[in-house]
Amino acid sequence: SKSEPFMHISWANEANQYAIGIKVFNGQIYVSSSTNILRYSIDGTFIDNFVTGLTSQCYFITFDDAGNLWGVDEAGKIHRFNSSGAIARTYEGLLSATNNWGLALDQTYIYVSDITTNKIKKYKQADGVFVADIGTAEGIAFNTVTQLVFGPDGNLYAADTMNGRMVVLSASLSVLRTFSVKDDGEANPWPITLAFGPDDCLYVHDRMNDCIKKICPDDDIIQKIPTSSMFVNGLAFDDFGNLYVTDNSMNPLIHAYYWDRGIDR
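Have a look at this one:
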């Protein structure tokens with residue numbers, strides 16, 4: 195369905211901190227904000243600084259199947275946090291030290307996108323040992339590969355930003371297909387931020403064309419949500435199908451888009 199959100203609200207990020215990555219877990223919203231990770235209730239009420247004292251800016255966060263929070267920082271480090279927000283483990287040397295945005299997990303492996311080398315890399319969670327990577331040498335020729343997300347089909351979706359496309363990979367990092375996110379009459383798109391909704395559709399923020407695009411499983415764009423005057427860094431859904439967005443256009447904000455009874459399933 196192409197139903198529009200019936201309500202859109204926003205709130206300022208706590209202490210005007212930069213709002214980057216965002217995830218929803220167990221009815222709470224987590225926002226990576228510089229060297230902290232903040233936590234909100236689902237209605238936007240600030241709970242606490244769940245993670246504090248990171249030494250480098252944390253760009254992207256995600257949860258594993260066991261409910262552990264993970265983050266990737268500007269120094270190229272990957273952190274796993276415990277249930278109290280303390281660092282339980284840090285992996286170093288897995289990717290270049292820069293503003294890497296891509297981090298995805300399955301039960302066994304870590305998948306990261308390295309903007310400097312334009313590769314997606316796969317490591318073992320158990321010991322951080324390198325398993326595989328894919329990039330220019332394999333003929334895919336990423337050009338600024340940013341966010342990663344696993345889809346309901348079990349495949350890994352990568353935003354190949356400057357090529358204006360999505361690249362769909364198997365868990366073993368073989369290319370299954372690519373598809374453009376350009377709609378008729380648009381400028382060349384810049385897909386960056388990704389999330390799958392509970393409707394099994396992929397939601398992609400196109401920074402060049404100022405909108406969030408809803409893409410159905412056959413890769414067609416079926417809806418666009420305008421984001422003019424916003425600088426979107428992250429997308430996340432709750433279990434009811436409501437969408438949360440981080441925005442750093444002027445003052446850092448978190449936006450919430452609500453559908454009647456959640457997104458059409």
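Read in order, the letters of the sequence shown are residues 195 to 459 in my numbering. Think of the CB as a built atom: it goes at the ideal place given N, C-alpha and C, for glycine as much as any other residue. All values derive from a computational prediction rather than experimental measurement.
Separation of residue j from residue i, as counted between CA atoms
i	j	result
Asn442	Ser250	19 Å
Leu232	Arg283	19 Å
Leu437	His399	12 Å
Asn276	Lys408	33 Å
Ser366	Ala326	8 Å
Arg459	Thr440	Note that Arg459 has pLDDT 46, beneath the 50 cutoff, so the model's placement of it is unreliable and no number is given.
Leu396	Ile281	31 Å
Trp264	Ile216	12 Å
Asp432	Trp205	17 Å
Ala430	Gln222	11 Å
Ile334	Val426	26 Å
Ile448	Ile241	14 Å
One or two residues paired with residue i in a DSSP bridge
i	result
Phe257	Leu263
Ile309	According to DSSP, Ile309 bridges with nothing at all.
Supposed contact pair residue j and residue i - C-beta distance, whole angstroms, cut 8 Å
i	j	result
Phe344	Asp414	Incorrect: roughly 21 Å between the Cβ atoms, too far for contact.
Asn230	Thr246	5 Å
Phe244	Phe219	In fact, because the Cβ distance is near 11 Å, the residues do not count as touching under 8 Å.
Tyr303	Gln319	6 Å
7 Å CB neighbourhood of residue i in its chain, flanking five on each side removed
i	result
Pro420	Asp404 and Cys405
Pro346	Phe390 and Asp394
Ser364	Asn349 and Leu370
Tyr212	Ser227, Ser228, Asn442 and Pro446
Ser422	Asp404
Cβ shell of residue i (< 8 Å), same chain only, five flanking positions each side left out
i	result
Gln341	Phe254, Trp295, Gly296, Ser307, Ala352, Ala353, Ile386, Thr387 and Leu388
Val375	Gly358, Arg359, Met360, Pro383, Pro385, Val398, Asp400, Lys407, Ile409 and Ile415
Ile309	Ser290, Thr292, Asn293, Asn294, Trp295, Thr338, Val339 and Thr340
Cβ neighbours of residue i in the same chain (closer than 6 Å, five flanking residues each side left out)
i	result
Ala269	Ser250 and Ala291
Met201	Tyr452
Within 8 Å, do at least three Cβ pairs link the region 300–316 to the region 217–228? no
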